[in-house]
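Protein chains: 2
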Amino acid sequence: MALKSKVQSVLISWWRKDTLLLSTSRTLNTFATGYDNRILKSPSLVSLDFPDEWTSSSTNCNAPSTNKLASEETGRVIDGKQIAEEIISGVAVEVERMKKKIGEVPGLAVILVGERRDSQTYVRNKIKACEEAGIKFSLTEFSDKCSEDEVCDAIMSFNMDPSFHGILVQLPLPQGLNEEKILDVLRLEKDVDGFHPMNMGNLAMRGREPLFIPCTPKGCVELLIRSGVEIMGKKAVVIGRSNIVGLPASLLLQRHHATVTVVDALTSNPEEITREADILVSAVGVPNLVRGSWLKPGAVVVDVGTYPVEDDSCEQGYRLIGDVCYEEASRVASWITPVPGGVGPMTVAMLLYNTLESARLIYNFV
Amino acid sequence: MALKSKVQSVLISWWRKDTLLLSTSRTLNTFATGYDNRILKSPSLVSLDFPDEWTSSSTNCNAPSTNKLASEETGRVIDGKQIAEEIISGVAVEVERMKKKIGEVPGLAVILVGERRDSQTYVRNKIKACEEAGIKFSLTEFSDKCSEDEVCDAIMSFNMDPSFHGILVQLPLPQGLNEEKILDVLRLEKDVDGFHPMNMGNLAMRGREPLFIPCTPKGCVELLIRSGVEIMGKKAVVIGRSNIVGLPASLLLQRHHATVTVVDALTSNPEEITREADILVSAVGVPNLVRGSWLKPGAVVVDVGTYPVEDDSCEQGYRLIGDVCYEEASRVASWITPVPGGVGPMTVAMLLYNTLESARLIYNFV
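Chains as they are written, first to last, in our numbering: chain A, 1 to 366; chain B, 367 to 732.
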């Protein structure tokens, strides 16, 4: 008990420290920009940020592919659902062992702002998986009219609560809420989504290990490894460079020694570049962006995109489709992840894994 | 005076905080690795780190290029020396203004460990440039037999000294000294080299601005901008993925909306990839790795590599050659940086700029 209270007091000194970290990302942009023009010609980086606009897309792609097929065989499906279940079972065993040995279980706090249907579905899946694995779960919901301060206060209270080892803010946040400001409040040691810039920097830099690797990219690489796909020395193309998936996926694949190209909406000839890829990861949420003709025969295709389309035949009134035209791509690829049932379940499994890891680190539970 | 002492006390509370940050990069690798094998197949990231080994190279490349030349004209030379001088003059003007207005000048502390001849040259250039710009300079030298603790103690004393706004540890460190451990001691707010993982994460993530961008990549991009080279939508290839140059260069070019590919020593066909590049940045320190035949006609070539070769005709007994075979490349490229006199002086200019920026932020001097 004395040890536990010592751990808690160390953690509390950490929380206090973290709230100061707000000042370390440069928010004085107008300040810096006016000055940059005088000595340097380089603009501030945030002045370069604008939303990606992908040209054209279709929710249908049943037209025959014009690509020469390697064979008429269908690419092997990477069963993310099955692999995620195996991982969640593994987590459950460890949670049980922790409970027996030290009387504690990992705890995950999720904060959901607004009424997005897809976000609600994702959160529901996370709750279900936590129950399955024996992880304590808390959901805090806010309306999309709430203030940044309300969300920050909730995060700070979980920062202080030693029974929660992971905190996750379901993204995207409603417009008008400052994502950077909100995420910066979240304690690094509970950042099981791995979105803190310190975690991202440690993911990027050789010789370093982040506390947590973002769940979706980590899930993608785990799928590749479990499918026996060689990453080292291979050409990988990541479509999209979001902070949540595209960026960390490219960094993680680089750490695995792939030769990585990141394609964004400004790339003039994306299909030429993707046709060189041994491994293609697409994460933009544009339905059927990637056609069969975009792929090299035998490529491994990981489809992170999810886009909800109305479908009354589905229980929830909609179904999810991916970035990749599955019908076409499955005839060209050697391995392919389906949507749904590919990367999605892996994201949840990795979240549970990271939460367990966090509890293990905090309790020094080997 | 009261304000100044308040600033100092805030800074001191920052230093204290930073020493705790040591715990945020996961150093418990054996702990994590043994466990990863049970639930996940993914290895720990540092277990994937090994030194790049580039195959073959030559210090001579006068053989005629086999590449079809765009024309017999020579690519225009990007005069890094001249541009760096302009920037240093601009910094000097601002330093003078700061001195007049608030009676303070920026201060830079450099720590040099060991006897590397090239490191000594770089440090000498930094001292000279600081003198030129009116920046206060301090050099602390250690023998290569010193302990990590000695270096860390020196850093911590500069962390505490409010007259130094930038601290730089000249890399590489002698073998046996833990670079991560030493750099982690350095206060984020004085990390004018931009190598702290927090700065690297903020450089990588859209919507964020690092306190400092690493000097060499920042210098490369400034050279491109000043030469009127369009970056947005262009294909850029970065050869090498060191934490110091290759990685931050790729991140910075991405923030400028280039489509970036990072080539490393494991890439099977680097010359095929570089032949697609509109902009090529090479940063591996392998003399004449990049031949004329590696380039697309009209490409812009930024040569970061420096490799010392013995040359008695030079004052210092050696001269520097780059990664790029200049004779061949200059006949294919539209723009090219020479070695020396290209990126090297820009690195120094950017260091001075970052040091000035740091002092401006700390003194809130607009």
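C-beta atoms are modelled at their ideal positions from N, C-alpha and C, and glycine is treated no differently.
> Which chain A residues sit within Cβ distance under 9 angstroms of residue 665(B)?
Replying inline: None at all; the shortest Cβ gap to chain A is about 16 angstroms.
>> Using 8 angstroms as the cut-off, can you tell me whether the segment 699-710 of chain B makes contact with the segment 585-598 of chain B, which would need three or more C-beta pairs spanning the two stretches below that distance?
In response: In this structure the segment 699-710 of chain B touches the segment 585-598 of chain B; the number of beta carbon pairs closer than 8 angstroms is three or more.
>> Can you find the residues in the same chain that come closer than 6 angstroms, C-beta to C-beta, to residue 173(A), ignoring five residues on each side of it along the sequence?
In response: 113, 179
> Nearest to residue 87(A) by alpha carbon, out of 638(B), 612(B), 407(B), 696(B)?
Replying inline: A check of alpha carbon separations from residue 87(A) across 638(B), 612(B), 407(B), 696(B) identifies 407(B) as the nearest.
> For chain A, is any of its Cβ atoms less than 8 angstroms away from the one on residue 525(B)?
Replying inline: no
> Is the distance from the Cβ of residue 190(A) to the Cβ of residue 148(A) below 8 angstroms?
Replying inline: no
> Does any heavy atom of the ligand NAP sit closer than 7 angstroms to the C-beta of residue 198(A)?
Replying inline: You won't find the ligand NAP in this model; it holds no ligand whatsoever.
> What did DSSP end up calling residue 573(B) once you bin it into helix, strand or coil?
Replying inline: coil
>> As a quick exercise: from 121(A), 138(A), 333(A), pick the residue whose alpha carbon is nearest that of residue 315(A).
In response: 121(A)
> For residue 261(A), which of helix, strand or coil comes out of DSSP?
Replying inline: In the three-state reduction of the DSSP assignment, residue 261(A) falls in the strand class.
> Based on Cα-Cα distance, which residue from 249(A), 244(A), 230(A) lies nearest to residue 237(A)?
Replying inline: Comparing Cα-Cα distances from residue 237(A) to each of 249(A), 244(A), 230(A), the minimum goes to 249(A).
> Of the choices 362(A), 366(A), 365(A), 350(A), whose alpha-carbon is the least far from that of residue 168(A)?
Replying inline: Minimum Cα distance to residue 168(A) is reached at 350(A).
> Along chain A, which residues have their Cβ under 8 angstroms away from the Cβ of residue 531(B)?
Replying inline: Chain A residues near residue 531(B): none, gap ~15 angstroms exceeds 8 angstroms.
>> Taking 7 angstroms as the limit between beta carbons, can you name the residues of its chain near residue 585(B), skipping five residues before and five after?
In response: 709, 712, 713, 715, 716
> Can you tell me the Cα-Cα spacing of residue 623(B) and residue 599(B), whole angstroms?
Replying inline: 6 angstroms
> For chain B, is any of its Cβ atoms less than 8 angstroms away from the one on residue 362(A)?
Replying inline: no
>> Check whether the segment 119-133 of chain A and the segment 91-99 of chain A touch, using three or more Cβ-Cβ pairs below 8 angstroms as the test.
In response: Output reads yes: the segment 91-99 of chain A touches the segment 119-133 of chain A.
>> In the DSSP assignment, the beta strand (DSSP E) including residue 236(A) goes from what residue to what residue?
In response: 235-239
> Given that residue 38(A) touches chain B, what residues does it touch there, using C-beta distances under 7 angstroms?
Replying inline: 456
>> If we define contact as Cβ-Cβ less than 8 angstroms, is residue 45(A) a contact residue for chain B?
In response: yes
> How should residue 296(A) be labelled, buried or exposed, when 16 other C-beta atoms within 10 angstroms of its C-beta is the threshold for buried?
Replying inline: buried
>> According to DSSP, is residue 669(B) part of a helix, a strand, or is it coil?
In response: strand
> So what does residue 141(A) bridge to, in DSSP terms?
Replying inline: Its beta-bridge partners are 112(A).
> Of the residues 472(B), 451(B), 445(B), which one's Cα is nearest the Cα of residue 730(B)?
Replying inline: For the options 472(B), 451(B), 445(B), the alpha carbon positioned closest to that of residue 730(B) is the one of 472(B).
> Among residues of its own chain, excluding the 5 on either side of residue 166(A), which ones have a beta-carbon nearer than 6 angstroms to its beta-carbon?
Replying inline: 108, 190, 192, 355, 358
> Would you say residue 630(B) reaches chain A, if we count a Cβ-Cβ gap shorter than 8 angstroms as a contact?
Replying inline: yes
>> If we require 3 or more residues per run, which beta strand (DSSP E) segments fall completely within the segment 517-550 of chain B?
In response: With a minimum length of 3 residues, the continuous beta strand (DSSP E) runs that stay inside the segment 517-550 of chain B are 532-535.
>> So, for residue 68(A): in the same chain, excluding its five sequence neighbours on each side, which residues have a beta-carbon less than 8 angstroms away from its beta-carbon?
In response: Confidence at residue 68(A) is low in this model, with a pLDDT of 43, below 50, so its placement is unreliable and the value that follows should be read with caution. These residues qualify, in order along the chain: 297.
> So which residues of chain B does residue 225(A) contact, with C-beta pairs closer than 9 angstroms?
Replying inline: 406, 407, 408, 409
>> Counting only Cβ pairs nearer than 9 angstroms, list the residues of chain A close to residue 711(B).
In response: Those do not exist, as residue 711(B) stays about 15 angstroms from chain A at its closest Cβ, beyond 9 angstroms.
> Nearest-angstrom Cα distance between residue 184(A) and residue 285(A)?
Replying inline: 26 angstroms
>> If you reduce the DSSP assignment to three classes, tell me which class residue 466(B) lands in.
In response: Reduced to three states, the DSSP call for residue 466(B) is helix.
>> Quick check on residue 49(A) - is its C-beta less than 8 angstroms from some C-beta in chain B?
In response: yes
> Considering only residues of the same chain and omitting the five flanking positions on each side of residue 508(B), which have a CB-CB separation below 8 angstroms?
Replying inline: 477, 478, 479, 480, 516, 517, 520
> Residues of chain B with a CB under 8 angstroms from the CB of residue 241(A): which are they?
Replying inline: Against chain B, a Cβ distance below 8 angstroms from residue 241(A) picks out 572, 620.
> Taking C-alpha atoms, which residue in 366(A), 302(A), 259(A) lies nearest to residue 282(A)?
Replying inline: 302(A)
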